[in-house]
Amino acid sequence: MAVSAVAEPQSFSDPVAILNRALRAAIVKALGEEHADIDPAIRAIQNPQFGDYQVNVAMGLAKQLPGSGNPRQLAAKILAAAPPELGDIADKLEVAGPGFINIRLKTEALGRFLQAMDTAQLGVQRETDTHPIAIDLCGVNVAKQMHVGHLRSTIIGDSLARVLERRGRRVLRENHLGDWGLPIAMVLRELREKRVNLDALQLDDLDRAYRDAQKKAENDEAALEAAKKTLVKLQNNDPALVRDWHKLIDCTMRAVYESFDLLSVNLGPENNRGESFYRDRLPGVVDAFVRSGIAHEDQGAIIVRFDDRERPLIIRKSDGGYLYGTTDLAAVRYRVQELGADRVIYVVDARQRDHFRDVFDAAHKIGWDRTKDGARAELIHVGFGSVLGADHKPLKTRSGENVTLKTLLVEAIARGVAEVTKRAEDPTAPTHGLPESDLQAIGKAVGIGAVKFADLSNDLVRDYEFNLDRMVAFEGRTGPYLQYAHARVCSIFAKAGIGMHGAGAIRSDFRIVEPAEHRLALALLKYGGVVADVARTLEPHRLCTYLYDLADAYSTFYQECPVLKADDPATRQARLRLCDLVRRVLADGLGLLGIDAPRRM
RNA sequence: GCGCGCGUAGCUCAAUUGGAUAGAGCAUCGGCCUUCGAAGCCGAGGGUUAAAGGUUCGAGUCCUUUCGCGCGCGCCA
5 MAVSAVAEPQ
15 SFSDPVAILN
25 RALRAAIVKA
35 LGEEHADIDP
45 AIRAIQNPQF
55 GDYQVNVAMG
65 LAKQLPGSGN
75 PRQLAAKILA
85 AAPPELGDIA
95 DKLEVAGPGF
105 INIRLKTEAL
115 GRFLQAMDTA
125 QLGVQRETDT
135 HPIAIDLCGV
145 NVAKQMHVGH
155 LRSTIIGDSL
165 ARVLERRGRR
175 VLRENHLGDW
185 GLPIAMVLRE
195 LREKRVNLDA
205 LQLDDLDRAY
215 RDAQKKAEND
225 EAALEAAKKT
235 LVKLQNNDPA
245 LVRDWHKLID
255 CTMRAVYESF
265 DLLSVNLGPE
275 NNRGESFYRD
285 RLPGVVDAFV
295 RSGIAHEDQG
305 AIIVRFDDRE
315 RPLIIRKSDG
325 GYLYGTTDLA
335 AVRYRVQELG
345 ADRVIYVVDA
355 RQRDHFRDVF
365 DAAHKIGWDR
375 TKDGARAELI
385 HVGFGSVLGA
395 DHKPLKTRSG
405 ENVTLKTLLV
415 EAIARGVAEV
425 TKRAEDPTAP
435 THGLPESDLQ
445 AIGKAVGIGA
455 VKFADLSNDL
465 VRDYEFNLDR
475 MVAFEGRTGP
485 YLQYAHARVC
495 SIFAKAGIGM
505 HGAGAIRSDF
515 RIVEPAEHRL
525 ALALLKYGGV
535 VADVARTLEP
545 HRLCTYLYDL
555 ADAYSTFYQE
565 CPVLKADDPA
575 TRQARLRLCD
585 LVRRVLADGL
595 GLLGIDAPRR
605 M
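In the working numbering, the protein residues as written are 5 to 605.
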């Protein structure tokens, strides 16, 4: 009872769901019960002159069913069998082209769909699965400060987490810190040798030590041996060394949390579960693999072989040490079998694709991709491309060093603040006269929004050029454009003297009349479907594309359809309600990207 | 050498996973501010989707080959 009360109105807010049901019924009636599983293949139409939605099923089906006639005849047959509810919502139904069924919705039906969507859920369906989803993100190395390489993992992972949470799933953000192993030992040894006071440790000291230690490890056998000895001491819990290790981590993580704050991501100390967490589980991993016969000794090392590739996965070195693959296997086991996750998502650089293939296949061989209650867990690598500089090579400073994340974010925020401040000087601007602290906060949202939207808005697998000038130009297809669209809606309500809560009290019916309103309504109704697509495909750029289309449709509407100055009070109320829905979808969608939507900018 | 990924307008990118005339932004050119915010709107030009073949009603998308770029390949993470 309670379930249907929640689920029913939501499903009625998505025209595709209703059309889908009607067309399935039509197919069964026209062709028989055995075709109940056929997907009618309903898609939004690109070219509005054809209508709003197209049904593509007839073309494929005509070939599979001998004697069903040509695709156009089959489409006509299906259409003739359509239940009356289809006629209730559509004012145009016709067969076109090679066998499309084109549908245009009645304006009253659009109003009813919008009415159904106008709840706190905004048409987003919630998943019922109660398993948590684990997302491996950020993955910062504690021996050095964050650079651009960590930007993508952090903001993509955070956005995916928000989308999945929005769909009703419990998400475990796992910051798999690089806090263990030889590199850490090398840096610790280097710091000790230089007698750096660890209580006053600065990031610059750390970066220098990291560089020096790496250089020595390459050239100096003795230094490498010393580092290995340091590692053994650390692994044996040498008290003084463990204390230093904690100081090192504190130093880096303080800066990491500052970057999280600048980035406005939902991450903090509670998300830390680094490599060191798994250190006591590594022998058990190797033991399990050897005992099950999946791994064997080879040239002194323990390896897992696969039938379809030369490359083995090494899980223990010939000197008895473990590798990151071992840690990753321990983490899979922990996340699936102890945390109970039925989806483990690794938001990690695409260059690690081969590595994750090996790890996932090994985990599957030994059965660690099954939760305790028997559910099959999906192990997914969401690989993303590199961040490149203007020369299309990995981004570096002029002196050839990695660009630090903080430098980059501070610069983006400064640009955002400068832009907001400049515009606030105009006496007619809604931001005119705002206190300095407000302008700072808005500028931060704009600058960070620009960086995030630029990162999230293209296909993840591609490398992309980090061009701050282009990102914060704030013209065209950018984060600030979306924020601006949102702020303009807010401005209408401010001018009307209606607060954000007052907007919810508008109970006038939706009235879709003008073409711009029609287009805007269709865009709004797609929201729930797009969020579902992103949850399934783990591709945030689909949401970016959608939000831009929505803002674009709104801008046209804004230009062509006066709201406060509408011809009659009924139109004014109906348009106000449409504006309210646009505002909430924009704010909600931007929120899923981790982008703030200020009321003024 | 083997494997993986990518190649779309001058530039940066989309294309609802095989659907109708391949779409946006930037840049260029032309219109629109005494009416709700011009970070905006409306319009124009710009394409052999790297190349060739194949699959079918239909291919940027799938298959084969070639070219170009990037990345990864037993004891780092």
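Backbone N, C-alpha and C define an ideal beta-carbon position, used for all residues, glycine too.
Would you list the one or two residues that DSSP bridges to residue i?
| i | result |
| --- | --- |
| residue 408 | 151 |
| residue 58 | 47, 106 |
| residue 140 | 178, 350 |
| residue 468 | 391 |
| residue 300 | 307 |
| residue 516 | Looking at the DSSP assignment, residue 516 forms no beta bridge with any residue, so it has no partner. |
| residue 385 | 350 |
| residue 320 | 306 |
| residue 400 | 406 |
| residue 171 | In the DSSP output, where bridge partners are listed per residue, residue 171 has none listed. |
| residue 313 | 310 |
| residue 275 | Beta-bridge pairing links residue 275 to no other residue. |
| residue 145 | 182 |
Which residue from the options puts its Cα closest to that of residue i?
| i | options | result |
| --- | --- | --- |
| residue 375 | 392, 343, 386 | 343 |
| residue 377 | 165, 340, 503 | 340 |
| residue 179 | 103, 140, 224, 400 | 140 |
| residue 270 | 605, 604, 600 | 600 |
| residue 335 | 363, 131, 151, 38 | 363 |
| residue 383 | 352, 391, 347 | 347 |
| residue 466 | 454, 545, 478, 414 | 545 |
| residue 537 | 77, 90, 128 | 128 |
| residue 289 | 258, 338, 220, 273 | 338 |
| residue 562 | 501, 529, 506, 488 | 488 |
| residue 181 | 602, 422, 146 | 146 |
| residue 150 | 37, 104, 214 | 214 |
| residue 81 | 223, 30, 354 | 30 |
| residue 556 | 500, 483, 414, 497 | 483 |
| residue 576 | 507, 311, 598 | 507 |
| residue 101 | 54, 314, 121 | 54 |
| residue 442 | 421, 461, 457 | 421 |
| residue 511 | 154, 578, 540 | 578 |
| residue 310 | 381, 304, 318 | 318 |
| residue 539 | 349, 526, 567 | 349 |
| residue 591 | 380, 453, 305, 267 | 453 |
| residue 524 | 398, 553, 199, 232 | 553 |
| residue 603 | 109, 424, 274, 300 | 424 |
| residue 119 | 581, 560, 56 | 581 |
| residue 263 | 408, 354, 302 | 408 |
So, helix, strand or coil for residue i, using DSSP?
| i | result |
| --- | --- |
| residue 14 | Low confidence applies to residue 14: its pLDDT is 47, below 50, so where it sits in the model is not reliable enough to give any reading. |
| residue 545 | helix |
| residue 126 | coil |
| residue 511 | coil |
| residue 20 | helix |
| residue 4 | No answer is possible for residue 4: it lies beyond the span of the chain, which begins at 5 and ends at 605. |
| residue 595 | helix |
| residue 198 | coil |
| residue 587 | helix |
| residue 100 | strand |
| residue 603 | coil |
| residue 427 | helix |
| residue 533 | helix |
| residue 208 | helix |
| residue 2 | Outside the displayed range of the chain (5 to 605) lies residue 2, so it cannot be described from this structure. |
| residue 289 | helix |
I believe residue i touches residue j by the beta-carbon criterion, under 8 Å. Please report the beta-carbon distance rounded to the nearest angstrom.
| i | j | result |
| --- | --- | --- |
| residue 69 | residue 42 | Not quite, the Cβ-Cβ distance comes to about 10 Å (not below 8 Å), so this is no contact. |
| residue 328 | residue 286 | Not really, about 11 Å apart at Cβ, beyond 8 Å. |
| residue 167 | residue 535 | 6 Å |
| residue 256 | residue 210 | 7 Å |
| residue 173 | residue 131 | 6 Å |
| residue 45 | residue 59 | 7 Å |
| residue 605 | residue 446 | 5 Å |
Beta strand (DSSP E) segments (min. 3 residues) lying fully within the stretch 328-381: Taking only runs of at least 3 residues, the beta strand (DSSP E) segments lying wholly in the stretch 328-381 are 347-353.
In chain order, each alpha helix (DSSP H) run of at least 4 residues that lies wholly inside the stretch 52-97: Segments of the alpha helix (DSSP H) lying fully in the stretch 52-97: 61-68, 75-84, 88-93.
Segments of 4+ residues assigned as alpha helix (DSSP H) that fall wholly inside the stretch 213-272: With a minimum length of 4 residues, the unbroken runs of alpha helix (DSSP H) contained wholly in the stretch 213-272 fall at 225-239, 243-267.
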